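Here is the structure we will look at, set down as structure tokens.
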Amino acid sequence: MIAALALAGALQVGSPAPTFTVTSLDGRAVSLLEALRTHEAVAIVFTSTVCPYANLFAPHLRDLDARYGPRGLLILAVNSNQFETADEMRDQAAEHGHAFPLVHDVGAVLPDRLGAGWTPEAFLIDRLGVLRYHGRVKSKQGAPELDDAIAALLDGRPVGRAETKPFGCTIDRGKRSPATP
Amino acid sequence: VKRQAYDRARPATWSKGVVMRGRWLLLLGLSSVGTPSPLAAQAWLPPKGEVVLTLAFQNYYARDHITYDGQRLDRGFMRWNSITPDVTYGLSDRLAVRFAIPWVRSKYDGTFPHQLADRPTQDDGQWHSTFQNLVFQFRYMATTGSTVITPFVGFDQPSRDYETLSHVSAGRGLREFTLGTFVGRRLDPVVPDAYGQARLAFTRPEAVIDIVNYRWSGSLELGYFVSSSVTVRGLGSYQHSDGGWRIPLDAGPPSSPTFPYHDQLARDRSLLAGLGASWSATGSVDVAALGYKLLWGRDTNAVTGLSVSCTWSFSPAQMVARRRGPRTLPEPE
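Respectively, the protein sequence lines represent chains C and E.
Counting from 80, one number per residue, gives the positions in the first sequence under this note's numbering.
Counting from 260, one number per residue, gives the positions in the second sequence under this note's numbering.
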């Protein structure tokens with residue numbers, strides 16, 4: 080239900096992305112505005128350490144970072160599941176060789192800001208702060224939809240399919256649990 | 260004993276088959292086992308830890324029997340409904356195990372029931388139901404990328420000793436071993452947003468009175484993503500049985516000891532075509548429908564069918580972790 084509500088309120092492609100500042104697992108402050116000043120594009124990818132599709136596409140994120148990082152792409156991996164810990168995120172990043180910033184989104188603030196409901200789910204923002212792609216990292220048949228969108232954006236071409244329906248696991252915001260502080 | 264009975268009966272069948280056909284064909288029935296799977300895109304596997312749970316409802320029916328030489332004979336209205344829970348689990352990102360067990364409910368309305376003196380009939384105009392075969396399947400995605408090749412091995416084990424002598428039997432009641440492969444490919448850039456999938460399989464059922472009615476089957480599925488939520492698909496499937504009986508030529512008259520086996524041993528050859536669509540209701544729930552019809556057949560029934568299925572994909576590990584609730588979260592260093 081929460082995921083459905085989040086999708087209904089998801090940020091629309093072509094809309095300006097909300098600004099935010101978060102702290103990465105290595106202690107650095109990551110500001111979207113600052114990142115857009117120094118990068119051509121920012122891909123915010125909601126991820127998880129236990130979601131099968133998030134794990135399946137984790138090596139693909141590493142490849143995207145290696146391929147498009149030198150061209151000005153910043154990948155920001157965000158884990159908003161309240162049942163996962165920073166240590167689990169670090170283990171996953173080490174296993175897959177992730178060198179991009181990882182954010183442990185305590186309180187699940189970013190899914191509410193962007194309207195994210197799933198892991199994995201990607202938001203690609205151009206240097207003007209406008210959302211250019213929202214949806215899947217890949218299709219179930221392996222179509223590299225985020226890859227295509229990044230390539231188009233960095234090449235200055237229109238993004239072909241700018242909106243795809245994400246699938247995988249729902250983000251657990253932890254807000255329905257009585258144990259939530 | 261069965262083999263001896265068959266040997267005694269078969270010469271009579273051969274010598275009198277053509278003459279007798281008109282009399283005892285009225286009583287012959289053919290089970291329909293070649294209905295297409297409601298599951299789409301099986302060449303692509305769920306990743307490690309993912310469960311894909313499908314509940315499929317099928318309704319299919321036939322009025323005509325089709326003989327070995329293509330005659331269509333109206334022998335009454337046959338209806339089957341089935342509900343199939345189907346579970347696939349990703350053991351790894353490349354290996355998945357599947358389990359299914361159809362529950363079949365069927366009914367025959369006609370004036371040519373299978374009726375042997377020492378055996379109760381299911382062709383009595385009433386609904387009969389049973390669990391059919393336990394289906395186990397292992398699939399291994401040997402290649403990844405735009406083209407995937409996914410060999411599979413499958414086992415069917417009848418869940419119980421259900422009736423197989425009926426116009427509307429739930430199945431053939433035989434243990435089966437299947438070996439085959441899927442080949443799937445995204446069709447972009449030639450046809451953007453489309454995929455194709457082929458399936459080729461060889462099935463060896465257990466012998467019935469020392470006769471193995473093995474079969475080859477193949478299918479081709481083309482899917483097109485109308486949007487990121489809606490997919491339409493076209494399906495063609497062909498099944499070629501060999502080693503079994505031509506119906507009615509080889510089966511023998513009802514008085515023959517071989518007669519009760521004709522449904523299990525029918526040399527079913529059939530070509531079906533179907534059209535369907537699926538809709539991703541959410542990121543983890545899909546609803547699909549597929550209609551299909553027999554275009555050509557021999558030793559089979561002229562079936563038409565509709566399947567509707569609902570698929571829920573989920574991660575048990577995430578569900579368990581979620582049930583634990585929020586954990587103490589260390590502050591970033």
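Even glycine gets a Cβ: it sits at the ideal position worked out from N, Cα and C.
If you're wondering where the values come from, they're calculated on a predicted model, not measured in any experiment.
**OP:** Tell me, please, whether the stretch 534-546 of chain E touches the stretch 507-524 of chain E by the rule of three or more beta-carbon pairs shorter than 8 Å.
**Re:** no
**OP:** Could you work out which residues of chain C lie near residue 454 of chain E, taking near to mean beta carbons separated by less than 7 Å?
**Re:** 220
Original post:
Can you tell me where the beta strand (DSSP E) with residue 318 of chain E in it begins and where it stops?
Top reply: Secondary structure note for residue 318 of chain E: its beta strand (DSSP E) is the uninterrupted segment 310-325.
Original post:
What residue from E:549, E:559 and E:400 has the CA that sits closest to residue 504 of chain E's CA?
Top reply: E:559
Subject >> Segment contact, 8 Å Cβ cut-off, at least three pairs: the stretch 444-457 of chain E with the stretch 425-434 of chain E >> reply: no
**OP:** Look at the alpha carbon of residue 508 of chain E and the alpha carbon of residue 327 of chain E, and state the distance between them as a whole number of angstroms.
**Re:** 8 Å
Subject >> Pair within 8 Å by beta-carbon distance, residue 335 of chain E and residue 369 of chain E >> reply: yes
**OP:** With a threshold of 16 other CB atoms inside 10 Å of the CB of residue 407 of chain E, please say whether the residue is buried or exposed.
**Re:** buried
**OP:** Could you tell me whether the Cβ atoms of residue 345 of chain E and residue 313 of chain E are closer together than 8 Å?
**Re:** Contact flag set, yes.
Original post:
Taking the C-alpha atoms as reference points, what is the distance between residue 396 of chain E and residue 402 of chain E?
Top reply: 18 Å
Subject >> Any chain E beta carbon closer than 8 Å to residue 264 of chain C >> reply: Residue 264 of chain C lies beyond the range of chain C shown here (80 to 260); nothing can be said about it.
Subject >> residue 90 of chain C versus C:211, C:129, C:142 and C:150, residue with shortest Cα-Cα distance >> reply: C:211
**OP:** Have a look at E:552, E:484 and E:363 and flag the residue whose alpha-carbon is nearest the alpha-carbon of residue 539 of chain E.
**Re:** E:484
Subject >> Below-8 Å beta-carbon distance, residue 308 of chain E vs any chain C residue >> reply: yes
Original post:
Does residue 403 of chain E come within less than 8 Å of chain C when only Cβ atoms are used?
Top reply: yes
**OP:** Indicate whether at least one CB of chain C lies closer than 8 Å to the CB of residue 576 of chain E.
**Re:** yes
Subject >> the stretch 124-140 of chain C: positions lying closer than 8 Å to chain E by Cβ >> reply: 127, 129, 130, 131, 132, 134 and 135
**OP:** Note down, in chain order, every chain C residue with its Cβ under 9 Å from the Cβ of residue 543 of chain E.
**Re:** Correct list: 82, 197, 246, 247, 248 and 249.
**OP:** Spell out a yes or no on whether the stretch 404-418 of chain E and the stretch 433-445 of chain E are touching, meaning 3 or more CB-CB pairs, one atom from each, closer than 8 Å.
**Re:** yes
**OP:** Output yes or no for whether 8 Å exceeds the beta carbon distance between residue 118 of chain C and residue 152 of chain C.
**Re:** yes
**OP:** Give every residue of the same chain whose Cβ lies closer than 8 Å to the Cβ of residue 82 of chain C, excluding the five residues on either side of it in the sequence, and list them in chain order.
**Re:** Legend: pLDDT at residue 82 of chain C = 40, less than 50; position of this residue unreliable, value from coordinates given subsequently. Excluding residues within five positions, the ones whose Cβ falls inside 8 Å are 196, 197, 249 and 250.
Original post:
Beta-carbon of residue 509 of chain E versus every beta-carbon of chain C: anything under 8 Å?
Top reply: no
Subject >> Between the CA atoms of residue 103 of chain C and residue 548 of chain E - distance to the nearest angstrom >> reply: Roughly 45 Å separates the two Cα atoms.
Original post:
What residues in the stretch 380-411 of chain E bring their beta carbon closer than 9 Å to a beta carbon of chain C?
Top reply: Cβ contacts with chain C: 403, 404, 405 and 407.
Subject >> Length at least 4, wholly inside the stretch 216-249 of chain C: the alpha helix (DSSP H) runs in chain order >> reply: 224-234
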